[in-house]
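Peer 1: Mind looking over this structure? Questions follow.
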Ligand SMILES: *[C@@H]1O[C@H](CO)[C@@H](O)[C@H](O)[C@H]1NC(C)=O
Ligand SMILES: *[C@@H]1O[C@H](CO)[C@@H](O)[C@H](O)[C@H]1NC(C)=O
Ligand SMILES: *[C@@H]1O[C@H](CO)[C@@H](O)[C@H](O)[C@H]1NC(C)=O
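In my numbering, the protein residues as written are 37 to 482.
The following block contains the structure:
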């Protein structure tokens, strides 16, 4: 995967993701310190007042796991990011990034004092040149090695000596983050298949919101285009997937292979293939072992429909952001209807709806949760899910206080959205999107 486009990445500055390359040296990992030099050469840009290096102070929801006297194999993601770093940069004012070298989402300029709001539009609202530009940008992100970030790979999560941090392209870092979050959580040497970090709990909408912001910002930096906004796919009431054609996301054959002449026809999925639960993405740096993208929209008779206009309206009628037990069985929960474990019409009946329904409708790569983020359809789908989240926030004046206390690992209001770095509290993503520098067009449907 080492690509010849490193020269294109030289102008990129650090932003927000995992793992910062400079913090994966043996020394940084041993000291658990991630306070790299900012632009002025001082740690966290402290000489120019951008931030300081500090001991990590956050509540630790699972202290028993750290105090255990018998050796146990616990999950490296619990109490994120304490297993890796206990000293990190705290950035002031509008500065952000792992070395405070970048701006908070929504801010630009050398001093991060320029506010900017980009507009995410429905993909069919874009002109042909605009659409082709989006596809070119995505392709460049898929083929350009990330200068700032590396990803973790291992065949054995129990054995930290086998962990390797390797190069990945910008799009693949994005795809990897989602994959990593979906691995079952390991506590006291056993696996818990019911919970993962990005799904089946109140963190779901904000977690995906942060991933999209990361990708959008990386693409802005890569192309020096601060106006770039991700597109969305409003699938309401579609009889067939009308963007599954070569003009848009690509046609497929009966086996599900994307048309090789379509825009994404040659893309391959990192972390693809069957993996043991102990592994983290063993197929990450050998392109020949990665599967090509697959899609089979509407061919599974059990899941041959996309959600309707009414489904979205019913979802937005659920007033409570989330409800106990804060998992896939929560009833009358906006989050659980949006995620798609209950019927929006009654907020009760367990079924495959909304977000989940679109994944299984698309099938192929999109139908496999851990690797679904490899298909750019994931980006368009999740931007629309995020638009519905935003409509709910607007309708009910949702804010960080709407985020519930709960005991699910990684899903607490003041836990870091896992595995993003630096830390964003889960509850802080439940706020108006304009606070984060973007909004959505008012598309009425085709
Ligand atoms: C951070 O981790 C290092 C390395 O394990 C350890 O020596 C140090 O005591 C820790 N610091 C705090 C504040 O926990
Ligand atoms: C962030 O930038 C905005 C827009 O320029 C400015 O008004 C605001 O004061 C800045 N915030 C801080 C905390 O510096
Ligand atoms: C949707 O696909 C089915 C099966 O290929 C086809 O019969 C039908 O005409 C399509 N509907 C639209 C609106 O294109």
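C-beta: ideal position from N, C-alpha, C; glycine also.
In this text, all values refer to a predicted model and were calculated from it rather than measured experimentally.
1. If you check the beta carbons only, do residue 237 and residue 444 fall under 8 Å apart?
2. The beta strand (DSSP E) with residue 124 in it runs from where to where?
3. According to DSSP, simplified to helix, strand and coil, what is residue 139?
4. Compute every distance between the C-beta of residue 129 and the non-hydrogen atoms of ligand 2, then say whether any falls below 7 Å.
5. Taking buried to mean at least 16 other C-beta atoms within 10 Å of its own C-beta, is residue 164 buried or exposed?
6. Run through DSSP, which three-state label would residue 41 get?
7. Would you check if there are 3 or more beta carbon pairs closer than 8 Å linking the segment 74–94 to the segment 110–123?
8. Consult DSSP for residue 173 and reduce its assignment to one of helix, strand or coil.
9. Counting pairs of beta carbons, one from the segment 181–201 and one from the segment 290–303, are three or more of them closer than 8 Å?
10. Mapping the DSSP letters down to three states, classify residue 88 as helix, strand or coil.
11. Could you have a look at residue 478 and say whether DSSP puts it in helix, strand or coil?
12. Under the three-state reduction of DSSP, which class applies to residue 271: helix, strand or coil?
13. Can residue 276 be considered in contact with ligand 3, in the sense that its beta carbon sits closer than 7 Å to one or more heavy atoms?
14. What residue from 329, 202, 395, 358 has the CA that sits closest to residue 338's CA?
15. Less than 7 Å separating the Cβ of residue 347 from some heavy atom of ligand 1?
16. Ignore the nearest five residues each way along the sequence and tell me which others in residue 377's own chain have a CB closer than 6 Å to its CB.
17. So does the segment 325–337 actually touch the segment 399–407, counting three or more Cβ pairs closer than 8 Å?
18. Taking 7 Å as the line, does the beta carbon of residue 152 fall inside it for any heavy atom of ligand 2?
19. Mind checking residue 386: buried by the 16 CB within 10 Å criterion, or exposed?
20. On a Cα-Cα basis, can you pick out the residue from 243, 214, 241, 221 that is closest to residue 314?
21. Could you spell out where the beta strand (DSSP E) holding residue 205 opens and where it closes?
22. Going by other Cβ atoms of all chains shown within 10 Å of its Cβ, with 16 needed for buried, is residue 266 buried or exposed?
Peer 2: Concretely, from the data shown:
1. Residue 237 sits at position 201 when you count from the first residue of the chain shown. Residue 444 sits at position 408 when you count from the first residue of the chain shown. Yes. Within cutoff.
2. Locating residue 124 in the chain shown gives position 88, counting from the first residue. 123–127 is the span of the beta strand (DSSP E), which, as asked, contains residue 124.
3. By 1-based counting over the chain shown, the position of residue 139 is 103. Looking at residue 139 - three-state DSSP - the assignment turns out to be strand.
4. What you label residue 129 is simply residue 93 of the chain shown in a count that begins at 1. Flag set: Cβ of residue 129 near ligand 2.
5. To locate residue 164, count along the chain shown from 1; it is residue 128. It counts as exposed.
6. Position 5 of the chain shown holds residue 41. Because residue 41 sits at a pLDDT of 32, beneath the cut-off of 50, its placement in the model cannot be relied upon, and the following sentence gives the value as read from the coordinates. Residue state, collapsed to three classes: coil.
7. yes
8. Stepping through the chain shown from its first residue, residue 173 is reached at position 137. DSSP places residue 173 in helix when its eight states are reduced to three.
9. Three or more beta-carbon pairs separated by less than 8 Å are not found between the segment 181–201 and the segment 290–303, which leaves the two stretches without contact.
10. Taking the chain shown and counting its residues from 1, the one referred to as residue 88 is at position 52. Three-state DSSP puts residue 88 in a strand.
11. Start at 1 with the first residue of the chain shown, and residue 478 comes out as number 442. Coil.
12. By one-based count along the chain shown, residue 271 stands at place 235. Residue 271 falls in the coil class under three-state DSSP.
13. Residue mapping note: residue 276 aligns to position 240 of the chain shown, counting from 1. Indeed, a heavy atom of ligand 3 lies less than 7 Å from the Cβ.
14. Numbered from 1 along the chain shown, position 302 holds the residue referred to as residue 338. It is 395.
15. Translated into the one-based positions of the chain shown, residue 347 becomes position 311. Residue 347: no, Cβ never under 7 Å from ligand 1.
16. Residue 377 sits at position 341 when you count from the first residue of the chain shown. Contacts found: 364.
17. yes
18. Position 116 of the chain shown, counting from 1, holds the residue named residue 152. Every heavy atom of ligand 2 is 7 Å or more from the Cβ of residue 152, so no.
19. Taking the first residue of the chain shown as 1, we reach residue 386 at position 350. Result: exposed.
20. For the purposes of this step, residue 314 is taken as the residue at position 278 of the chain shown. Nearest of 243, 214, 241, 221 to residue 314, Cα basis: 221.
21. Taking the first residue of the chain shown as 1, we reach residue 205 at position 169. From DSSP, the beta strand (DSSP E) with residue 205 extends over 200–205.
22. As a first step, residue 266 must be located in the chain shown, where it is residue number 230. With 16 or more other Cβ atoms within 10 Å, it is buried.
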